[in-house]
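> Got a structure for you, written out below as structure tokens; questions coming shortly.
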Amino acid sequence: MGHMEQATKTRGRYAKTAERRAAVARAALEIIRGKGHKALTTAEVASAAGMSETALMYHFPTRDHVLVAAMELADEEIGSRMTAESVAAELVSGDWDPAGTARLVLTEGNSVRLLLALGADAPDPEHPAHQYMKKHNESAILAFAAAVKRRQAEGRARPGLDAMGTGRQMMALWSGLRAQWLVDPSFDFANEVAATFRALTGEAAMDTKKKIEDLIATI
Numbered sequence: 001m002g003h004m005e006q007a008t009k010t011r012g013r014y015a016k017t018a019e020r021r022a023a024v025a026r027a028a029l030e031i032i033r034g035k036g037h038k039a040l041t042t043a044e045v046a047s048a049a050g051m052s053e054t055a056l057m058y059h060f061p062t063r064d065h066v067l068v069a070a071m072e073l074a075d076e077e078i079g080s081r082m083t084a085e086s087v088a089a090e091l092v093s094g095d096w097d098p099a100g101t102a103r104l105v106l107t108e109g110n111s112v113r114l115l116l117a118l119g120a121d122a123p124d125p126e127h128p129a130h131q132y133m134k135k136h137n138e139s140a141i142l143a144f145a146a147a148v149k150r151r152q153a154e155g156r157a158r159p160g161l162d163a164m165g166t167g168r169q170m171m172a173l174w175s176g177l178r179a180q181w182l183v184d185p186s187f188d189f190a191n192e193v194a195a196t197f198r199a200l201t202g203e204a205a206m207d208t209k210k211k212i213e214d215l216i217a218t219i
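Numbering (UniProt numbering), first residue to last: 1 to 219.
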């Protein structure tokens, strides 16, 4: 067998594997969105993905691996929607809208419940959720830190703030508020998120400082 033929077959196997993994993740996510992760079984996912349960377990050794794959897909889709929403908001108002982002996340109620469940298992380094949650948290922290840096550049956040430290604080507060809201949705999660971000960045103080500077400039 020539090298070209061998390479073509190898790429074909990789493509087939990726296709099957994607089909499982998609099927699992649709089941989770419909009735929650607790009701999910690998047999049902396999059937929805058009394969045997044995074939599914070849690619995903445990049910937890299936749940992680579904959550990774949910993250991708929510991330794409967030990007689109953020771009649209910035075009209108020139700003990232933390409240709008929070509302968008909560439209994925069952996915968020799965995220919290995986988060509870993630401290175990042997659990399949461990690496997923590490990557998920790092991505969110970087996004919050980028928003802080932009506000600092625009004079709307305290210049001395450690952007990454503030990003970690925001992530912790976001996660805590989200967990509280899922238990008791009697408060406005989105407005709490926006108020928290303003408080952490010192937005009110910076606004006051700018108003004073503008007033002095007119004297």
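All C-beta atoms, glycine included, are put in the ideal place defined by N, C-alpha and C.
Helix, strand or coil for residue 88? Go by DSSP, reduced to three states.
Residue placement at residue 88 cannot be trusted, given a pLDDT of 47 that sits under 50; what the coordinates show is reported in the next sentence. The answer is helix: DSSP assigns residue 88 an H, G or I state.
> Got a sec, what are the start and stop residues for the alpha helix (DSSP H) residue 116 sits in?
Unbroken alpha helix (DSSP H) run through residue 116: 109-121.
> Are residue 200 and residue 170 touching if we call contact CB-CB under 8 Å?
Yes, Cβ-Cβ distance for residue 200 and residue 170 is below 8 Å.
> Would you identify the three-state DSSP class for residue 207, choosing helix, strand or coil?
DSSP places residue 207 in helix when its eight states are reduced to three.
> When we look at the beta-carbon of residue 87 and count the other beta-carbons within 10 Å, is it buried (16 or more) or exposed?
In this predicted model, residue 87 has a pLDDT of only 48, less than 50, meaning its place in the structure is not dependable; the value taken from the coordinates is given anyway. Exposed, since its Cβ has fewer than 16 Cβ neighbours within 10 Å.
> Measure the Cβ-Cβ separation of residue 67 and residue 114 and say whether it is below 8 Å.
Going by C-beta atoms, residue 67 is nearer than 8 Å to residue 114.
> Check for me: the alpha helix (DSSP H) holding residue 98 runs from which residue to which?
Note, residue 98: alpha helix (DSSP H), 98-106.
> Does the segment 149-164 come into contact with the segment 195-209, if we say contact requires no fewer than three beta-carbon pairs (one atom in each stretch) closer than 8 Å?
Contact between the segment 149-164 and the segment 195-209 is present, because at least three Cβ pairs lie under 8 Å.
> Could you give the residue range of the alpha helix (DSSP H) that holds residue 39?
No alpha helix (DSSP H) contains residue 39, which DSSP labels as neither H nor E.
> Alpha carbon to alpha carbon, how far is residue 124 from residue 140? Give it in angstroms, no decimals.
Computed Cα separation, rounded: 21 Å.
> Sort 106, 50, 212, 217 by Cα distance to residue 75 and report the nearest one.
With distances taken between Cα atoms, residue 75 lies closest to 106.
> CA-CA distance, residue 216 and residue 198?
For residue 216 and residue 198, the distance between alpha carbons rounds to 25 Å.
> Just how far apart, CA to CA, sit residue 37 and residue 155?
Cα to Cα, the separation comes out at about 44 Å.
> Would the segment 19-39 and the segment 56-70 be scored as touching if the rule is three or more Cβ pairs under 8 Å?
In short, these stretches touch, since the Cβ pair count reaches three.
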